[in-house]
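Numbering (the working numbering), first residue to last: 652 to 1344. Let me begin by presenting the structure, written as structure tokens, before commenting on it.
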């Protein structure tokens, strides 16, 4: 039998369908799911438990309140005392497992430091500073040392650097013995060395490339000037308690503080590299290149063995040297055309090299330098020979009657180019050429200034550039803003080492106006008696300008600056040589690198502005000085978290001298504790010293 439906039933069905459709539309998209999880995983229990004694197990397990993941556990997780074979660290769900590969030492306190390797699976919230300790004996050591490691030259936080201590105070411990207890710096450069015995320690940080837990001369290193004696002091701790109705109350309780917790280490590299010949090549017929692994004080002795005319001739007789400042990159321009023509050169190269006993000794290698022109063909050679036979020595302009001499076959003209057409008022006018210069006829080189519409000769001297005397020349005059000049070179005025010459050359250039520049002056209270070098930096933390202050002066001036955004840093030029010098940890030297400070705000310099700033270098603690905008080793942000913003300057270009968001008590003493003995953290964000006991 067929079932019927009345009109009321149809209406009800229609409304039901519409409600379902509207409900489906409304539910499109991702559900909210409550507030975002911003808390790191919470430790629940472990086996063995933190602080356990008499432990003889080879596996440690820990359980958390949520699923976890590990990030770079091989490098971040570290066992102290250091183990020859790293432990196997893994995670599964809420469980973490550490399998020790080395036999545990009896009667020893062990620390498994996870640094910032643990985070929750979904949101990536980092559990920073988590560690578990236990003892294979009856006693567990409990003292600690905390601090921060920065790069000495630019105050970048040192992430993942190994920090450790020696109770053995001998001079050779650093290079022969493994660090006794170790930790790694987190993403802020902070560290805590846990479970120390009472006593005095020397503190070091190294990047430990070969994982032998002691310093090798090629590795980065930082050291603390004084012996450190860890201690525990009682303190009153303030807590805030929250009731179920939302009300809060302040309570105090007895607690402890582990000191010292404000050690500042600044790492550097002594610049040691074993010396050897890195490579050699002859990519272009007229040049040979020899590169060394490290700076060279003494140039190699090079002579022809065979393969070119004049066996036994020293290289100074047939080539010109172009070297960089450290002489580890040598480029020889072959001046003798007979040597240039040889496709193969066999040279005896006598040079300094580091031997197996780490001594610098002379060694001699016989090296063959090949040049193969893969594009050369027999028919091209025939055509070239015919062209050379018919080639004229000069050409005559049919209109002006000027004669232009042609260079020898196979050699191009000596080409001249100007480095700029708009000349900075405080810099020399620079020209460069494409091949080394042998001679310049001063009578064929001219400089003129335009007065109204007339070009008037100007006295000048064309000087070799000290950085490249073979191929660059400059003119340095007291330029006046707005003036217009013309630099010109007659044909044959320049002659190259190959006997080639230049075509006529002319270049007009203008001097920038004074109002196009900005000027900056820093006043440096407290540094009057100290030589200082100040650098203006780009947004990538690279030096753009440099100015020095001698002892007895109180200001540093920068004139004729190109407008733009800059940052500033200075270093204490202890030896007055005008450059930043590294340190040396060897006991016979024991020298810290020269101290570096950053101006905490950026400088927006505008055209025709004169800006004066007072820079108190210790107004902020060292770790809080470098602007976040130019910091490279930035901590990873949580999801939805924004990077901290640097303070901006005032509209009139002046800065708020009262800006000081950090507590300076007991701070600003590099590599020294606060004189008041108080417990302070090294960063405005505070160093976390998580304890699970």
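C-beta: ideal position from N, C-alpha, C; glycine also.
How should residue i be labelled, buried or exposed, when 16 other C-beta atoms within 10 angstroms of its C-beta is the threshold for buried?
i	result
residue 837	buried
residue 705	exposed
residue 1259	exposed
residue 840	buried
residue 1252	buried
residue 1240	exposed
residue 939	buried
residue 782	buried
residue 1266	buried
residue 1309	Bear in mind that a pLDDT of 31 at residue 1309, under 50, signals an unreliable position, so the model cannot answer this.
residue 983	buried
residue 1002	buried
residue 887	exposed
residue 678	Its pLDDT being 39, under 50, residue 678 is placed unreliably in this model, and the value from its coordinates should be taken loosely. So residue 678 ends up on the exposed side.
residue 1013	exposed
residue 798	buried
residue 1237	exposed
residue 633	Residue 633 is absent from the structure shown; the chain starts at 652 and stops at 1344.
residue 700	exposed
Compute the Euclidean distance between the alpha carbons of residue i and residue j, then round it to the nearest angstrom.
i	j	result
residue 1217	residue 1082	29 Å
residue 1318	residue 897	Bear in mind that the predicted position of residue 1318 carries a pLDDT of just 36, short of 50, making it unreliable; the figure below should be weighed with that in mind. Near 37 Å, if we compare the C-alpha coordinates of residue 897 and residue 1318.
residue 768	residue 835	11 Å
residue 1188	residue 1221	10 Å
residue 715	residue 1197	53 Å
residue 1195	residue 1186	7 Å
residue 1193	residue 1064	37 Å
residue 966	residue 1023	22 Å
residue 703	residue 1005	51 Å
residue 1219	residue 1250	5 Å
residue 1367	residue 1210	Residue 1367 lies beyond the stretch modelled for the chain, which goes from 652 to 1344, so this question has no answer here.
residue 1074	residue 986	34 Å
residue 1067	residue 833	60 Å
residue 990	residue 961	9 Å
residue 1088	residue 1174	45 Å
residue 764	residue 780	7 Å
residue 784	residue 818	20 Å
residue 1322	residue 1180	With a pLDDT of only 42 at residue 1322, under the threshold of 50, the placement of this residue in the model should not be trusted, and no figure is reported.
residue 853	residue 879	6 Å
residue 934	residue 1226	42 Å
residue 1264	residue 1202	19 Å
residue 689	residue 774	7 Å
Name the one or two DSSP bridge partners that residue i has.
i	result
residue 1115	1124
residue 815	833 and 855
residue 1081	1125
residue 931	941
residue 750	710 and 739
residue 983	939 and 972
residue 1194	1188
residue 770	720 and 777
residue 1106	1101
residue 1242	1235
residue 1135	1161
residue 728	According to DSSP, residue 728 bridges with nothing at all.
residue 798	842 and 914
Determine the closest residue to residue i out of the options, with distance taken between C-alpha atoms.
i	options	result
residue 998	977, 1008 and 932	932
residue 869	973, 1137 and 1009	1009
residue 1233	1011, 992 and 873	873
residue 1268	1097, 1203, 1262 and 1177	1177
residue 859	846, 886 and 828	828
residue 753	743, 731, 771 and 781	731
residue 738	1280, 912 and 728	728
residue 711	698, 721 and 722	698
residue 1094	817, 895 and 1112	1112
residue 766	721, 1018 and 734	721
residue 892	901, 884 and 1162	901
residue 865	1191, 1247 and 831	831
residue 744	692, 1122, 759 and 726	692
residue 1207	1132, 1172, 995 and 757	1172
residue 1117	713, 1079, 1146 and 947	1079
For the pair the region 1271-1288 and the region 1174-1184, tell me if three or more CB-CB distances fall below 8 Å. No, they do not touch.
If we count Cβ pairs, one from each stretch, closer than 8 Å, do we get three or more for the region 899-913 versus the region 949-962? Touching, no.
Whether or not the region 1277-1288 and the region 804-814 are in contact is what I'm after, with contact meaning three or more pairs of Cβ atoms, one per stretch, closer than 8 Å; do they touch? In the pairwise beta carbon analysis, the region 804-814 is classified as touching the region 1277-1288: at least three pairs are separated by under 8 Å.
I want to know whether the region 1153-1168 touches the region 1121-1141 - three or more CB-CB distances under 8 Å. Segments in contact, yes.
Hey, is the region 1124-1138 in contact with the region 1092-1106, meaning 3+ C-beta pairs nearer than 8 Å? They touch, by the three-pair rule.
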